[in-house]
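In this note's numbering, the protein residues as written are 3 to 352.
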């Protein structure tokens, strides 16, 4: 591609418009995230802008001071307690350090995430990205500008050249499965999360690997979607079969749904079936019986992510060489919280 320049020598919006064969207004709408731009046109404009190293006017103004004092946060969703707690933790550190947040949701759409990341240069000093879908592992690598500091939070894939902070979902799932086995439960069913979700994949893997230590144990996996309804459906399915000794749900919301289904079927927890979850949402301690779970300090996870980001050289950090070793990989270890729902069996087996 040719690299046209206006008389001043720097690339202008007119240069981008000329090369992309669109109007100046279309370039402006694209760079400002306007919705009424055809996707094919948007991609062409962004490709030209990247090729020409075009810096929008708002970005040029911010670069003159080298700081926007704004941190970007790109999440797959904003709904629910997990994301509100995550943002709360990020915001606490940001406020303490004099930064504002620019928060965006991709609504689980990889292309929406790509567009959000492509619009960040010049608007923020760095970005925290969460992309737990297994199909999104390359999106953040392709879309993140090389000079923009970033922390990848619970993202699928481990070959990134960026700082990575994950929850040890695999280890946590092994701990919960081991706890249920140590409590005398041998037939342990598992309610899984979404098939394409990295956290769900790691929790299922931990359950399977820990269960494999018992030669007599057989995996018993039911589908789920990280919500109460799918947990309720799984509970209904369990009571129609030769029921297990215990159920391990891949998150607390499914565990709570399962608890209600078991109760509606006339079964008692833990007398008839023990139950464990993952996350430790506040409701877990208030239901009857209180839910045994793996506690994830979600606000602490957000705070740690921003602390890692602020430890980098913001704004003008150089892009890492292609063959550079990945930076430190950090994990937060969840904590087993034992409550009434997983009490030990009075008699072993069925």
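Backbone N, C-alpha and C define an ideal beta-carbon position, used for all residues, glycine too.
- Remark: C-beta atoms of residue 272 and residue 297 do not approach each other more closely than 8 Å.
- As summarised for the region 27-107, the continuous alpha helix (DSSP H) elements at least 4 residues long and confined to that stretch are 41-53, 59-67, 83-98, given in chain order.
- Three or more beta-carbon pairs separated by less than 8 Å link the region 68-78 to the region 91-103, which places the two stretches in contact.
- Residue 153 is positioned such that its CB atom lies closer than 8 Å to that of residue 311.
- With a cutoff of 8 Å on beta-carbon distance, residue 285 and residue 258 are scored as near each other.
- Each residue's CA atom was taken as its position, placing residue 44 and residue 262 some 47 Å apart.
- In the DSSP assignment, residue 265 falls within the unbroken alpha helix (DSSP H) covering 254-266.
- Minimum Cα-Cα distance from residue 189 among the listed residues 172, 215, 220 corresponds to 220.
- Under the three-pair Cβ rule at 8 Å, the region 273-280 does not count as touching the region 300-307.
- Considering only 228, 234, 269, the residue with the shortest C-alpha distance to residue 245 is 269.
- As computed with DSSP, residue 135 is found in a beta bridge with 199.
- Across the structure, residue 129 and residue 93 are spaced so that their CA atoms are roughly 13 Å apart.
- According to DSSP, residue 178 shares a beta bridge with no other residue.
- Annotation: the continuous beta strand (DSSP E) that includes residue 295 extends over 295-297.
- At least 8 Å separates the beta-carbon of residue 341 from that of residue 187.
- Counting other Cβ atoms within 10 Å of its Cβ, residue 97 stays below 16 and is therefore classed as exposed.
- Secondary structure note for residue 18: its alpha helix (DSSP H) is the uninterrupted segment 15-22.
- Under the three-state reduction of DSSP, residue 12 is assigned to coil, being neither helix nor strand.
- For residue 223 and residue 308, the gap between their C-alpha atoms comes out near 36 Å.
- Measuring C-alpha to C-alpha distances from residue 290 to each of 334, 247, 344, 243 identifies 344 as the nearest.
- Annotation for residue 278: the continuous beta strand (DSSP E) segment containing it runs 276-278.
- Excluding the 5 residues flanking it on each side, residue 210 has same chain C-beta neighbours closer than 7 Å at 221, in chain order.
- About 4 Å separates the CB atoms of residue 300 and residue 87; that is less than 8 Å, so the two are in contact.
- If you look at residue 169, you'll find it in the beta strand (DSSP E) that goes 165-169.
- Within the region 205-259, the complete beta strand (DSSP E) runs of at least 3 residues fall at 222-224, 248-251.
- Listed as beta-bridge partners of residue 129 by DSSP are 74, 152.
- According to DSSP, residue 285 shares a beta bridge with no other residue.
- The residue from 163, 169, 203, 208 with its alpha-carbon nearest to that of residue 179 is 208.
- Secondary structure of residue 273 (DSSP, three-state): coil.
- Residue pairing of residue 337 in beta bridges, as defined by DSSP: 297.
- When 239, 183, 203 are compared, the shortest CA-CA separation from residue 217 is found for 183.
- Rounded to the nearest angstrom, the gap between the Cα atoms of residue 118 and residue 204 is 27 Å.
- A straight-line Cα-Cα distance of about 44 Å links residue 252 and residue 55.
- Annotation for residue 114: the continuous alpha helix (DSSP H) segment containing it runs 112-120.
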